[in-house]
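Working notes, structure below.
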Amino acid sequence: MAILPIVTYDDEILRKETEPVEELTDEIEALIDNMFETMYNSDGVGLAAPQIGRLLRIFVVDADPMAKEEDDPLYGPIAMINPEITFSSDEEIDMEEGCLSIPGVNASVTRPESIRVSYRDEEFEKQELEVGGWLSRVIQHEKDHLDGVLFLDHLSMFKRKLLSGKLKDIAEGNKDTDYPLVPKKATSK
Numbered sequence: 100m101a102i103l104p105i106v107t108y109d110d111e112i113l114r115k116e117t118e119p120v121e122e123l124t125d126e127i128e129a130l131i132d133n134m135f136e137t138m139y140n141s142d143g144v145g146l147a148a149p150q151i152g153r154l155l156r157i158f159v160v161d162a163d164p165m166a167k168e169e170d171d172p173l174y175g176p177i178a179m180i181n182p183e184i185t186f187s188s189d190e191e192i193d194m195e196e197g198c199l200s201i202p203g204v205n206a207s208v209t210r211p212e213s214i215r216v217s218y219r220d221e222e223f224e225k226q227e228l229e230v231g232g233w234l235s236r237v238i239q240h241e242k243d244h245l246d247g248v249l250f251l252d253h254l255s256m257f258k259r260k261l262l263s264g265k266l267k268d269i270a271e272g273n274k275d276t277d278y279p280l281v282p283k284k285a286t287s288k
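Under this note's numbering, the first residue of the sequence shown is numbered 100, with each subsequent residue one higher.
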């Protein structure tokens, strides 16, 4: 397994829609393993393929560390291939979010409290999961990445303006992290 560098928020690859995975291959299996390794190395609870420069509809999540703090059910690590949210509750909740592609930036984001998601698992078997709490939030955040959406897009212009100094530092490569970031302009063409 390998720890992969993470793309920062200002890279155009994070604004592109991803392609569905047609079949499970050795390359896809290795990619998923590397994504888990990268996520854990970065102390993250989710990681989407675009964050490591791949335009595929895959993300990995393990919200158990946060769920333990909130007394939510534990699910363990989950890889989701070609996920689709098929139901979102009318009830919404504000919670603080961060992102490995936007290091050091957190903000309160409003999202549906619970969802139902259909996806293919690591064996490429069809699955469906109904969740609330932290796992619901993490899945929605990572699913957004597959559609070229960042959590910043859910913020008001005023909130984004308040974060502009931190965002500028990230864009200029002036943000230290405990995990590797893609060097500036490495993926953008």
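Ideal Cβ positions, reconstructed from N, Cα and C, are used throughout, including at glycine.
Note that this is a predicted model, so its numbers are computed, not measured.
Check your understanding: Bridge partners of I105, per DSSP?
Key -> Per DSSP, L280.
Exercise for review: State the DSSP-derived secondary structure class of S287, mapped to helix, strand or coil.
Suggested key: Any answer about S287 is weak, because its pLDDT of 45 lies below 50 and its placement is not dependable; what the coordinates show is given next. Coil, per DSSP.
Check your understanding: With DSSP run on the structure shown, which of helix, strand or coil describes L199?
Key -> In this structure, DSSP gives L199 a state outside helix and strand, which the three-state scheme calls coil.
Check your understanding: Expressed to the nearest angstrom, what Euclidean distance is found between the alpha-carbon atoms of S207 and D193?
Key -> Between S207 and D193, the C-alpha separation is close to 6 angstroms.
Exercise for review: Give a yes or no on whether the C-beta atoms belonging to E140 and L103 are separated by under 7 angstroms.
Suggested key: Here residue 140 is Asn; the residue named in the question, Glu, does not match the sequence. A distance of 7 angstroms or more separates the beta carbons of N140 and L103.
Exercise for review: Go through the region 199-279 residue by residue and report every complete run of the alpha helix (DSSP H) that reaches 4 residues or more, in order.
Suggested key: Listed in chain order, they are 232-245, 256-261, 263-270.
**Study point:** Close beta carbons around V248, own chain, < 6 angstroms, minus the five adjacent residues each side
**Key:** Counting only Cβ-Cβ distances below 6 angstroms, and skipping sequence neighbours, we find nothing.
Review point. From I157 to E221, what does the alpha carbon distance come to, in whole angstroms?
Key: Looking at the two C-alpha atoms, the distance is approximately 10 angstroms.
Exercise for review: For T124, name the three-state secondary structure that DSSP assigns.
Suggested key: For T124, the three-state secondary structure derived from DSSP is coil.
Practice item. To the nearest angstrom, report how far apart L245 and G143 are at their CA atoms. Key: Their Cα atoms are separated by approximately 17 angstroms.
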